[in-house]
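These notes concern the structure reproduced below.
Numbering (this note's numbering), first residue to last: 2 to 516.
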């Protein structure tokens, strides 16, 4: 008897269908699995055999062949166990084969018949939806994750026996329901009480730069001595970013689900990511990798912030990895098995000391030789610095600032202005892939960031005097556009350009000479 059921695997950040076929026939008894399988998939034969026996469905002394198609793609992971069990039961005529049509089954089996959770369920349910399927059967611990799609029926099972009962009586299956609207309404309440900008005294100029960076999703670099508050400011930037939309939340959740980082019985991630890898992180960990690549830090921080503290301490190769994703908002990884594209739409926030001891150019405190300063700053290439939109110098906080009694501006107050600027950009770029000023290309910069005669003359003088590159020119214009948006101005004015020029990252050659 032959039977088949649909399951799915993960490639990059997308699911792809895998057809599980089972045949039970006369011949030498055995359980053979074929279809270009990794070792953990081949071991499914023993897991399924034992789980079926312990559930009361021992396999007959016949030849059982299971094929996972297409055979040209390597299958990895344990998510096929439940589908293999269903296909074998259908071939044994323990369940009606017709009840396996129009559904997708994923899940891992323990020897006792318990159904264990797997990674990437959201991507698999999304693929089932695109294929036009009506129902997905997944582990109970992953059911809320897959149930965020309103027009998909997601059924969670915790035991193999429950799966058999559902397949024997499909009309009795109870689907999992997630109130997505309620989740987003709770998001505002959960965000209260987080680290607040009101806790940072002084640093008015740096907080202003952070606000502009958040308003346009611009890459942001802070340079200053130890203890000046760079990390404190960086950790508060997520609080002034606008709340996630459903589309953004689904993209983030899918990435974290595939990486196995989604909380157990979680559904949607409702906060923008804030990833802060240690400076010993390798280039592969940042970009993503493995024989079958998985998402790295640049993908895990997508729609959020990638914070690199002690920037020059990172390996040069790791920093240079960032150049492509900072421009293209995605990263492509090629392996012999294929090319995988991961999202990398993150805002880079970085912090660094001006030298190894942290106090250059204050020669009263800095003990570094000039060659050591040059070597330290030389770890940052000019192409990487050109991709920084806003650079702010962070000065030490004085005693008087720490003792002030006046109330500092709160995160909620700053976020209100940032959200207003984002609404302006959302309306301006309606119909485009870009949503923020930092995301528009050179052609769109000329179209949406028009300059008057005086503003063009000012930028022309700055272009020649500062020896700007074309990339730096466009970044200055986009930052000026964000400053104007924060003020609600339709036209970019001279003062907006002057402020944007003040945030220009330093020229590496002059910087290393101490100029």
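Ideal Cβ positions, reconstructed from N, Cα and C, are used throughout, including at glycine.
Under 7 Å between C-beta atoms of residue i and residue j
| i | j | result |
| --- | --- | --- |
| residue 140 | residue 118 | yes |
| residue 345 | residue 332 | yes |
| residue 88 | residue 129 | no |
| residue 241 | residue 412 | yes |
| residue 307 | residue 245 | no |
| residue 313 | residue 377 | yes |
| residue 478 | residue 390 | no |
| residue 356 | residue 368 | no |
| residue 110 | residue 52 | yes |
| residue 32 | residue 46 | yes |
| residue 126 | residue 144 | no |
| residue 216 | residue 419 | yes |
| residue 415 | residue 206 | no |
| residue 142 | residue 84 | no |
| residue 351 | residue 309 | yes |
| residue 439 | residue 487 | no |
| residue 29 | residue 43 | no |
| residue 243 | residue 359 | no |
| residue 6 | residue 101 | yes |
Per-residue burial, residue i [other beta carbons within 10 Å of its own, 16 or more giving buried]
| i | result |
| --- | --- |
| residue 483 | buried |
| residue 454 | exposed |
| residue 320 | buried |
| residue 279 | exposed |
| residue 371 | exposed |
| residue 3 | exposed |
| residue 183 | exposed |
| residue 393 | buried |
| residue 505 | buried |
| residue 489 | exposed |
| residue 265 | exposed |
| residue 516 | With a pLDDT of only 46 at residue 516, under the threshold of 50, the placement of this residue in the model should not be trusted; the figure read from the coordinates follows. With fewer than 16 other Cβ atoms within 10 Å, it is exposed. |
| residue 427 | exposed |
| residue 73 | exposed |
Inter-residue spacing [alpha-carbon to alpha-carbon] between residue i and residue j
| i | j | result |
| --- | --- | --- |
| residue 99 | residue 90 | 12 Å |
| residue 196 | residue 171 | 49 Å |
| residue 95 | residue 137 | 20 Å |
| residue 69 | residue 81 | 9 Å |
| residue 396 | residue 230 | 9 Å |
| residue 268 | residue 179 | 8 Å |
| residue 468 | residue 451 | 22 Å |
| residue 159 | residue 41 | 21 Å |
| residue 251 | residue 147 | 10 Å |
| residue 316 | residue 327 | 17 Å |
| residue 501 | residue 19 | 52 Å |
| residue 498 | residue 304 | 27 Å |
| residue 494 | residue 485 | 8 Å |
| residue 374 | residue 354 | 11 Å |
| residue 476 | residue 446 | 9 Å |
| residue 106 | residue 186 | 32 Å |
| residue 108 | residue 120 | 9 Å |
| residue 424 | residue 36 | 50 Å |
| residue 223 | residue 238 | 13 Å |
| residue 57 | residue 285 | 47 Å |
| residue 379 | residue 448 | 36 Å |
| residue 167 | residue 429 | 50 Å |
| residue 272 | residue 464 | 39 Å |
| residue 157 | residue 122 | 11 Å |
Nonlocal neighbours in the same chain, by C-beta distance under 8 Å from residue i, ignoring five residues either side
| i | result |
| --- | --- |
| residue 296 | 14, 256, 259, 260, 289 and 343 |
| residue 86 | 49, 52, 53, 110, 161 and 164 |
| residue 301 | 256, 257, 260, 262, 274 and 276 |
| residue 399 | 203 |
| residue 410 | 198, 199 and 208 |
| residue 287 | 278, 297, 298, 299, 319, 322 and 323 |
| residue 408 | 199 |
| residue 340 | 333 and 334 |
Minimum Cβ-Cβ distance from residue i to chain D less than 7 Å
| i | result |
| --- | --- |
| residue 89 | In the structure shown, chain D does not exist; there is a single protein chain. |
Spatial neighbours of residue i in its chain, beta-carbon cut-off 7 Å, leaving aside the 5 residues before and after
| i | result |
| --- | --- |
| residue 387 | 470, 472 and 473 |
| residue 520 | Since the displayed the chain opens at 2 and closes at 516, residue 520 lies outside it and no answer follows. |
| residue 233 | 201 |
Nonlocal neighbours in the same chain, by C-beta distance under 6 Å from residue i, ignoring five residues either side
| i | result |
| --- | --- |
| residue 25 | 2, 63, 65, 92 and 93 |
| residue 441 | 435 |
| residue 253 | 270 and 304 |
| residue 236 | 196 |
| residue 249 | 304 |
Every unbroken beta strand (DSSP E) inside the stretch 298–369 [3 residues or more]: Here the runs fully enclosed are 306–310, 331–336, 339–344 and 348–353.
Whole alpha helix (DSSP H) elements within the stretch 20–86, 4-residue minimum
At a cut-off of 4 residues, the continuous stretches assigned as alpha helix (DSSP H) that sit fully inside the stretch 20–86 are 40–43 and 45–56.
task: Note down, one range per segment and in chain order, each alpha helix (DSSP H) of at least 4 residues found wholly within the stretch 204–263.
output: Restricted to the stretch 204–263, the alpha helix (DSSP H) segments that are unbroken, complete and at least 4 residues in length are 205–217, 231–241 and 247–259, listed in chain order.
For the stretch 126–205, list the alpha helix (DSSP H) runs that are entirely contained and at least 4 residues long, ordered along the chain.
-> The stretch 126–205 contains these whole alpha helix (DSSP H) runs: 144–147, 161–169 and 181–192.
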